[in-house]
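Colleague:
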Amino acid sequence: MRILEKTERRLGTKLFLKGDRCLGPKCAMVRRAYAPGVHGSKKGGRRGKSPSEFGELIREKQKMRFFYGLDDSDIKSYVKRASQKPGVFDAHLMRMIESRLDVVVRRLGFVPSGRAARQTVVHGHITVNGRAVRSPSYQTKKGDVIGLTERSARTPSFASLSERMRATTPPAWLTADPERKTGTVTGIPERDLSAGVTFDAVKVKEFYSR
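For the sequence shown, the tail end lands on 210 under UniProt numbering, and the numbers increase by one without skipping.
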(Lines of atoms letter the chains of each structure in order from A; the text may use other names.)
(Lines give C-alpha, C1' and ligand atoms only; values in the text may rest on other atoms or scores of the structure.)
Protein backbone atom coordinates (compact mmCIF):
# COMPACT_ATOMS: atom_id res chain seq x y z
CA MET A 1 0.00 0.00 0.00
CA ARG A 2 2.90 2.37 0.71
CA ILE A 3 4.10 1.89 -2.86
CA LEU A 4 0.79 3.31 -4.09
CA GLU A 5 1.15 6.30 -1.77
CA LYS A 6 4.69 6.97 -2.97
CA THR A 7 3.50 6.81 -6.57
CA GLU A 8 0.96 9.57 -5.91
CA ARG A 9 3.48 11.71 -4.05
CA ARG A 10 6.12 11.27 -6.76
CA LEU A 11 3.68 12.37 -9.48
CA GLY A 12 2.30 15.17 -7.33
CA THR A 13 -1.41 14.45 -7.71
CA LYS A 14 -4.21 12.36 -6.28
CA LEU A 15 -4.71 9.23 -8.38
CA PHE A 16 -7.29 7.57 -6.09
CA LEU A 17 -5.21 4.40 -6.07
CA LYS A 18 -6.41 3.52 -2.56
CA GLY A 19 -10.09 4.15 -3.09
CA ASP A 20 -12.02 5.86 -0.29
CA ARG A 21 -8.83 6.62 1.64
CA CYS A 22 -7.98 9.22 -1.01
CA LEU A 23 -11.14 11.17 -0.19
CA GLY A 24 -10.20 11.94 3.41
CA PRO A 25 -7.39 13.35 5.54
CA LYS A 26 -5.49 10.03 5.50
CA CYS A 27 -4.70 10.48 1.82
CA ALA A 28 -0.94 10.57 1.20
CA MET A 29 -1.30 13.78 -0.81
CA VAL A 30 -2.90 15.44 2.20
CA ARG A 31 -0.56 14.14 4.89
CA ARG A 32 2.66 14.39 2.87
CA ALA A 33 2.26 16.73 -0.07
CA TYR A 34 5.88 16.41 -1.14
CA ALA A 35 7.94 13.91 -3.09
CA PRO A 36 9.17 10.78 -1.27
CA GLY A 37 12.83 10.17 -0.49
CA VAL A 38 15.72 12.44 0.35
CA HIS A 39 14.99 14.73 -2.61
CA GLY A 40 11.50 15.56 -1.43
CA SER A 41 10.82 18.76 0.45
CA LYS A 42 8.32 19.55 3.17
CA LYS A 43 8.88 23.26 2.84
CA GLY A 44 6.56 25.33 0.72
CA GLY A 45 5.05 22.27 -0.92
CA ARG A 46 8.04 22.07 -3.31
CA ARG A 47 8.68 18.81 -5.10
CA GLY A 48 12.42 19.03 -5.75
CA LYS A 49 13.95 19.85 -9.14
CA SER A 50 11.68 20.81 -12.00
CA PRO A 51 11.49 17.92 -14.48
CA SER A 52 13.02 18.18 -17.94
CA GLU A 53 10.73 18.49 -20.96
CA PHE A 54 10.91 14.73 -21.53
CA GLY A 55 10.51 14.11 -17.81
CA GLU A 56 7.31 16.17 -17.87
CA LEU A 57 5.96 14.03 -20.71
CA ILE A 58 6.74 10.89 -18.75
CA ARG A 59 5.04 12.30 -15.66
CA GLU A 60 1.82 13.07 -17.55
CA LYS A 61 1.83 9.61 -19.13
CA GLN A 62 2.35 8.00 -15.72
CA LYS A 63 -0.50 10.03 -14.21
CA MET A 64 -2.81 8.66 -16.87
CA ARG A 65 -1.45 5.15 -16.57
CA PHE A 66 -1.93 4.91 -12.82
CA PHE A 67 -5.23 6.82 -12.66
CA TYR A 68 -6.86 4.39 -15.08
CA GLY A 69 -4.69 1.35 -14.36
CA LEU A 70 -3.70 0.92 -17.99
CA ASP A 71 -0.61 -0.71 -19.47
CA ASP A 72 1.68 1.30 -21.74
CA SER A 73 0.50 -0.76 -24.70
CA ASP A 74 -3.13 0.11 -23.89
CA ILE A 75 -2.41 3.83 -23.69
CA LYS A 76 -0.38 3.75 -26.89
CA SER A 77 -3.27 2.03 -28.67
CA TYR A 78 -5.81 4.58 -27.42
CA VAL A 79 -3.52 7.47 -28.40
CA LYS A 80 -3.08 6.04 -31.91
CA ARG A 81 -6.82 5.55 -32.39
CA ALA A 82 -7.67 9.01 -31.05
CA SER A 83 -5.02 10.59 -33.30
CA GLN A 84 -6.62 9.04 -36.38
CA LYS A 85 -10.01 10.61 -35.68
CA PRO A 86 -10.90 14.06 -37.05
CA GLY A 87 -11.45 16.77 -34.49
CA VAL A 88 -9.99 17.42 -31.04
CA PHE A 89 -7.53 14.72 -29.98
CA ASP A 90 -7.93 14.89 -26.20
CA ALA A 91 -11.74 14.80 -26.49
CA HIS A 92 -11.57 11.56 -28.49
CA LEU A 93 -9.01 10.06 -26.11
CA MET A 94 -11.07 10.82 -23.01
CA ARG A 95 -14.26 9.48 -24.58
CA MET A 96 -12.68 6.14 -25.41
CA ILE A 97 -11.11 5.67 -22.01
CA GLU A 98 -14.02 6.99 -19.95
CA SER A 99 -16.32 4.65 -21.90
CA ARG A 100 -14.43 1.58 -20.67
CA LEU A 101 -16.67 -0.62 -18.55
CA ASP A 102 -14.26 -0.73 -15.61
CA VAL A 103 -14.05 3.07 -15.56
CA VAL A 104 -17.84 3.41 -15.68
CA VAL A 105 -18.22 0.89 -12.86
CA ARG A 106 -15.83 2.91 -10.72
CA ARG A 107 -17.42 6.26 -11.62
CA LEU A 108 -20.88 5.00 -10.62
CA GLY A 109 -19.63 3.97 -7.19
CA PHE A 110 -19.92 0.20 -7.51
CA VAL A 111 -16.38 -0.05 -6.14
CA PRO A 112 -13.87 2.40 -4.60
CA SER A 113 -10.91 2.01 -6.94
CA GLY A 114 -9.85 1.20 -10.48
CA ARG A 115 -8.17 -2.02 -9.41
CA ALA A 116 -11.35 -3.19 -7.68
CA ALA A 117 -13.39 -2.22 -10.75
CA ARG A 118 -11.29 -4.39 -13.07
CA GLN A 119 -11.50 -7.35 -10.71
CA THR A 120 -15.24 -6.91 -10.32
CA VAL A 121 -15.74 -6.96 -14.09
CA VAL A 122 -13.34 -9.86 -14.75
CA HIS A 123 -14.99 -11.98 -12.05
CA GLY A 124 -18.33 -11.70 -13.80
CA HIS A 125 -20.23 -9.52 -11.33
CA ILE A 126 -21.21 -6.79 -13.80
CA THR A 127 -23.92 -6.74 -16.46
CA VAL A 128 -24.53 -4.41 -19.40
CA ASN A 129 -28.18 -4.32 -20.43
CA GLY A 130 -28.77 -7.50 -18.44
CA ARG A 131 -25.90 -9.47 -19.97
CA ALA A 132 -22.78 -10.34 -18.01
CA VAL A 133 -19.62 -8.75 -19.46
CA ARG A 134 -16.16 -9.80 -18.28
CA SER A 135 -14.01 -7.44 -20.35
CA PRO A 136 -12.80 -4.31 -18.48
CA SER A 137 -12.09 -2.58 -21.80
CA TYR A 138 -15.63 -3.12 -23.11
CA GLN A 139 -16.81 0.15 -24.69
CA THR A 140 -20.09 1.30 -23.19
CA LYS A 141 -22.37 3.62 -25.13
CA LYS A 142 -25.22 6.02 -24.49
CA GLY A 143 -28.27 4.15 -23.23
CA ASP A 144 -26.37 1.23 -21.68
CA VAL A 145 -27.57 0.16 -18.24
CA ILE A 146 -24.89 -1.14 -15.88
CA GLY A 147 -25.86 -3.47 -13.04
CA LEU A 148 -25.03 -6.60 -11.08
CA THR A 149 -25.76 -10.20 -11.95
CA GLU A 150 -28.58 -11.69 -9.86
CA ARG A 151 -26.15 -13.91 -7.99
CA SER A 152 -23.74 -11.07 -7.23
CA ALA A 153 -26.54 -8.80 -6.03
CA ARG A 154 -27.28 -11.32 -3.26
CA THR A 155 -23.71 -11.56 -1.97
CA PRO A 156 -22.47 -9.76 1.18
CA SER A 157 -19.83 -7.98 -0.92
CA PHE A 158 -22.51 -5.77 -2.45
CA ALA A 159 -24.86 -5.51 0.54
CA SER A 160 -23.99 -1.84 1.10
CA LEU A 161 -23.82 -0.91 -2.59
CA SER A 162 -26.83 1.43 -2.42
CA GLU A 163 -25.17 3.46 0.33
CA ARG A 164 -21.89 3.61 -1.59
CA MET A 165 -23.65 4.78 -4.74
CA ARG A 166 -25.52 7.49 -2.82
CA ALA A 167 -22.20 8.76 -1.49
CA THR A 168 -20.70 8.92 -4.99
CA THR A 169 -21.20 11.82 -7.39
CA PRO A 170 -20.84 10.47 -10.94
CA PRO A 171 -19.79 12.71 -13.84
CA ALA A 172 -22.46 14.40 -15.94
CA TRP A 173 -22.61 11.64 -18.56
CA LEU A 174 -23.62 8.96 -16.02
CA THR A 175 -26.77 8.59 -13.92
CA ALA A 176 -26.86 6.34 -10.86
CA ASP A 177 -29.91 4.60 -9.39
CA PRO A 178 -28.86 3.51 -5.89
CA GLU A 179 -32.21 1.87 -5.12
CA ARG A 180 -31.96 -0.48 -8.08
CA LYS A 181 -28.18 -0.72 -7.83
CA THR A 182 -27.80 0.26 -11.46
CA GLY A 183 -26.33 3.08 -13.49
CA THR A 184 -27.03 4.39 -16.97
CA VAL A 185 -24.78 5.98 -19.57
CA THR A 186 -26.85 9.06 -20.38
CA GLY A 187 -24.39 11.10 -22.41
CA ILE A 188 -20.98 11.30 -24.04
CA PRO A 189 -17.91 11.41 -21.77
CA GLU A 190 -16.22 14.79 -21.61
CA ARG A 191 -13.10 15.96 -19.83
CA ASP A 192 -14.33 16.74 -16.31
CA LEU A 193 -11.80 18.00 -13.77
CA SER A 194 -14.29 17.31 -10.98
CA ALA A 195 -14.00 13.63 -11.91
CA GLY A 196 -10.33 13.62 -10.92
CA VAL A 197 -8.77 13.82 -14.38
CA THR A 198 -5.66 15.95 -13.91
CA PHE A 199 -3.19 14.83 -16.60
CA ASP A 200 -2.41 16.59 -19.88
CA ALA A 201 -3.63 14.38 -22.74
CA VAL A 202 -1.70 16.37 -25.35
CA LYS A 203 1.57 15.72 -23.51
CA VAL A 204 0.70 12.02 -23.37
CA LYS A 205 0.36 12.12 -27.15
CA GLU A 206 3.70 13.92 -27.43
CA PHE A 207 5.35 11.19 -25.35
CA TYR A 208 4.26 8.45 -27.76
CA SER A 209 5.14 10.59 -30.79
CA ARG A 210 8.83 10.83 -29.87
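In this text, a Cβ means the ideal position worked out from N, Cα and C, and glycines have one as well. All of these numbers come straight from a predicted model, not from anything done at the bench.
Nearest by alpha-carbon distance to residue 115: which of 189, 180, 65 is it?
Modeller: It is 65.
Colleague: Under DSSP, the alpha helix (DSSP H) around residue 120 begins and ends at which residues?
Modeller: Taken as a continuous stretch (DSSP letters only), the alpha helix (DSSP H) holding residue 120 covers 114-122.
Colleague: In whole angstroms, what is the alpha-carbon distance linking residue 107 and residue 71?
Modeller: So the two alpha carbons sit approximately 20 Å from each other.
Colleague: Is residue 82 helix, strand or coil by DSSP?
Modeller: In this structure, residue 82 counts as helix in the three-state DSSP scheme.
Colleague: Which value, in whole angstroms, describes the spacing of the CA atoms of residue 164 and residue 120?
Modeller: Going from the Cα of residue 164 to the Cα of residue 120 covers about 15 Å.
Colleague: Give the DSSP-derived three-state secondary structure of residue 177 in the structure shown.
Modeller: Three-state result, residue 177: strand.
Colleague: According to DSSP, is residue 70 part of a helix, a strand, or is it coil?
Modeller: Three-state result, residue 70: coil.
Colleague: Could you check the C-alpha separation between residue 68 and residue 97 for me, to the nearest Å?
Modeller: In a straight line, the C-alpha of residue 68 is about 8 Å away from that of residue 97.
Colleague: For residue 179, which residues of its own chain have a beta-carbon under 8 Å away from its beta-carbon, when the five flanking residues on both sides are left out?
Modeller: If we look at residue 179 and ignore the five residues flanking it on each side, its Cβ neighbours are 162.
Colleague: Taking all protein chains shown into account, decide if residue 160 is buried (16 or more other Cβ within 10 angstroms of its Cβ) or exposed.
Modeller: Classification of residue 160: exposed, given that the 10 Å Cβ count is below 16.
Colleague: Within the same chain, show all residues whose beta-carbon is closer than 8 Å to that of residue 57, passing over the 5 residues directly before and after it, in chain order.
Modeller: If we look at residue 57 and ignore the five residues flanking it on each side, its Cβ neighbours are 203, 204, 206, 207, 210.
Colleague: Since residue 173 and residue 155 should fall inside the 8 Å C-beta cutoff, what is the C-beta to C-beta distance between them, to a whole number of angstroms?
Modeller: Residue 173 to residue 155, Cβ: 29 Å. No contact.
Colleague: Reducing DSSP to helix, strand and coil, say where residue 204 ends up.
Modeller: Correct three-state label for residue 204: helix.
Colleague: Does the Cβ of residue 241 have 16 or more other Cβ atoms within 10 Å, making it buried, or fewer, making it exposed?
Modeller: This structure gives no information on residue 241, because the portion of the chain shown stretches from 1 to 210.
Colleague: Under a three-way DSSP split, which group does residue 91 fall into?
Modeller: The answer is helix: DSSP assigns residue 91 an H, G or I state.
Colleague: Per DSSP, residue 132 is paired with what?
Modeller: According to DSSP, which records beta bridges pairwise, residue 132 is partnered with 127.
Colleague: Roughly how many angstroms lie between the CA atoms of residue 151 and residue 145, to the nearest whole one?
Modeller: The alpha-carbon atoms of residue 151 and residue 145 are separated by roughly 17 Å.
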